[in-house]
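Q: Numbering (the UniProt record's numbering), first residue to last: 1 to 373. There's a structure below that I have some questions on.
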């Protein structure tokens, strides 16, 4: 075999361009940089929050570290393909010797990919429901990637004769399994979320956070589509580019889904916002939310379904109130009773004593009002 020949016969009338083939390397490089940047930021935020702030390391973090280490296998090979042979380059514009190196990059990419997604999905499931995913899947996938040819070198070296299994069947099976798993993981937490005892707005917010799995479903679907196209392509090298980019996006979505949803809660619980404001010299003063008084430590229910509790402090003696003073009587608030008044207007009108008595009975929580708006 002449290693300087084109890796694929060119169409009639087409002259191979080995030195400067047409490519879209800038487009591919932008996607790769974005994927690596998002993955690294999400991973570092997760590790910083869990290890430095909370000082807790669980199995999820160990799996994430392993997945991130494996992530640089596809990351390195994907960036290396920008230099040789390039992205969206026709196979007849590549020499056979360069195509051998490309096959080796694809081999390393596939083996690492087979470890990354199972590690991430197990970590996500462990964090969501503290259950272990079935073991053995990732080892079997990596086995078929690593031993699909006999001898082993025949996987990527065109000059070595050997017997190989059909790689495209493995790729199609892998893409289908990952898409199915992503869809199941997207729907799995939703029934539990909508049975939580919280307001519908909070349930909607939690549901939205867990619905970020739709990004993984979309990237997995794109990867399955590009795998089918690549399997039936007349120009395999050209169709390899979108397959690599979709696989990188799929892995990035896995890190994004695993690392991002827990960050806001962890930051809130550890007071990072307050620390940042303090470091920047921003003065922060505690404020009292509405519904709190100086002596009562628990929030007053605005729905009349629960009473407010007295704090351990001594109760303030009753003071003489003015027309703008308000008192909340102790005890259980009846449904529909007036809890708080903010606008009081006094009008003069003729009335009888019976009217006064009826108003006092209707408004037992107001010390003195002649009219309430």
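Cβ coordinates follow ideal geometry from the N, Cα and C atoms, glycine included. Just so you know, these numbers come straight off a predicted model, no measurement behind them.
Measure the C-alpha to C-alpha separation of residue 108 and residue 114 and round it to an integer number of angstroms.
A: Cα to Cα, the separation comes out at about 10 Å.
Q: Can you tell me whether DSSP reads residue 163 as helix, strand or coil?
A: In this structure, residue 163 counts as strand in the three-state DSSP scheme.
Q: Closer than 8 Å by C-beta to residue 17: which residues in its own chain qualify, once you throw out the five before and the five after it? Chain order, please.
A: Correct list, in chain order: 93.
Q: Determine the direct distance from the alpha carbon of residue 199 to that of residue 75, and round the result to whole angstroms.
A: Approximately 43 Å, taken between the alpha carbons.
Q: Rounded to whole angstroms, what's the CA-CA distance from residue 185 to residue 80? Just pull it up for me.
A: If I take the Cα positions, the gap works out to 33 Å.
Q: Any chance you could list the beta strand (DSSP E) runs of at least 3 consecutive residues sitting entirely within the segment 179 to 246, in chain order?
A: Here no run is fully enclosed.
Q: So for residue 95, helix, strand or coil by DSSP?
A: Strand at residue 95.
Q: Run through the DSSP bridge pairs and tell me what residue 16 is partnered with.
A: None; residue 16 has no bridge partner.
Q: Can the beta-carbon of residue 47 be found closer than 8 Å to that of residue 61?
A: Yes, Cβ-Cβ distance for residue 47 and residue 61 is below 8 Å.
Q: Looking at the secondary structure, which residues open and close the alpha helix (DSSP H) in which residue 85 lies?
A: It is not in any alpha helix (DSSP H) - residue 85 carries neither H nor E in the DSSP assignment.
Q: To which residues of the same chain is residue 413 closer than 6 Å at the C-beta, ignoring the five residues directly before and after it?
A: Residue 413 is absent from the model: the chain starts at 1 and stops at 373.
Q: What does a CB cutoff of less than 7 Å around residue 252 pick up in its chain, not counting 5 residues either side in sequence?
A: Cβ within range, chain order: 35, 38, 39.
Q: Tell me the DSSP secondary structure of residue 328 in three-state form.
A: Since pLDDT at residue 328 reaches only 45, below the 50 mark, its modelled position is unreliable, and the value read off the structure follows with that caveat. If DSSP states are grouped into helix, strand and coil, residue 328 belongs with coil.
Q: Does DSSP classify residue 11 as helix, strand or coil?
A: Here residue 11 sits in coil by DSSP.
Q: Could you pull the start and end residues of the alpha helix (DSSP H) that residue 36 belongs to?
A: Counting along the chain, the alpha helix (DSSP H) containing residue 36 begins and ends at 25 to 47.
Q: Within 8 Å (strictly less), CB to CB, does residue 100 reach chain B?
A: Protein chains in the displayed structure number just one, and chain B is not present.
Q: Thinking C-alpha only, which one of 14, 12, 53, 25 is nearest residue 262?
A: That would be 53, whose Cα lies nearest to the Cα of residue 262.
Q: Determine the direct distance from the alpha carbon of residue 213 to that of residue 102, and round the result to whole angstroms.
A: Cα-Cα distance, rounded: 32 Å.
Q: By Cβ distance below 6 Å, which residues in the same chain neighbour residue 223 in space, the five residues on each side in sequence not counted?
A: Excluding positions up to five away in sequence, the list reads 175, 246, 247, 250.
Q: In this structure, how does DSSP classify residue 74 when only helix, strand and coil are distinguished?
A: Note: residue 74 maps to helix in three-state DSSP.
Q: Look at the Cβ atom of residue 70, then the Cβ atom of residue 260, and state whether they are nearer than 8 Å.
A: Contact flag unset, no.
Q: Spatial neighbours of residue 256 within its chain, please: CB distance less than 8 Å, with the 5 preceding and 5 following residues excluded, ordered by chain position.
A: Taken in chain order, the residues that qualify are 38, 39, 42, 212, 215.
Q: Quick check on residue 120: buried or exposed, where buried means 16 or more other Cβ atoms within 10 Å of its Cβ?
A: The residue in question, residue 120, is buried, as its Cβ has 16 or more Cβ neighbours within 10 Å.
Q: With residue 96 and residue 7 assumed to form a contact (beta carbons below 8 Å), what rounded beta-carbon distance in angstroms separates them?
A: Their Cβ separation, rounded to whole angstroms, is 5 Å, which keeps residue 96 and residue 7 in contact under 8 Å.
Q: Is the Cβ-Cβ distance between residue 31 and residue 67 less than 8 Å?
A: No, they are not a contact pair.
Q: By how many angstroms is the C-alpha of residue 218 removed from the C-alpha of residue 23?
A: Approximately 26 Å, taken between the alpha carbons.
Q: Could you check which residue in 15, 78, 5, 169 has the C-alpha nearest to that of residue 232?
A: Of the listed residues, the one whose Cα sits closest to residue 232 is 169.
Q: Using CA atoms only, rank isn't needed, just tell me which of 27, 210, 264, 45 is closest to residue 191.
A: Residue 210 is the option with its Cα nearest to residue 191.
Q: Using a threshold of 8 Å, state whether the C-beta atoms of residue 28 and residue 104 are closer than that.
A: No. Outside cutoff.
Q: Taking the C-alpha atoms as reference points, what is the distance between residue 279 and residue 271?
A: Between residue 279 and residue 271, the C-alpha separation is close to 12 Å.
Q: Helix, strand or coil for residue 264? Go by DSSP, reduced to three states.
A: Of the three classes helix, strand and coil, the one that applies to residue 264 here is helix, per DSSP.
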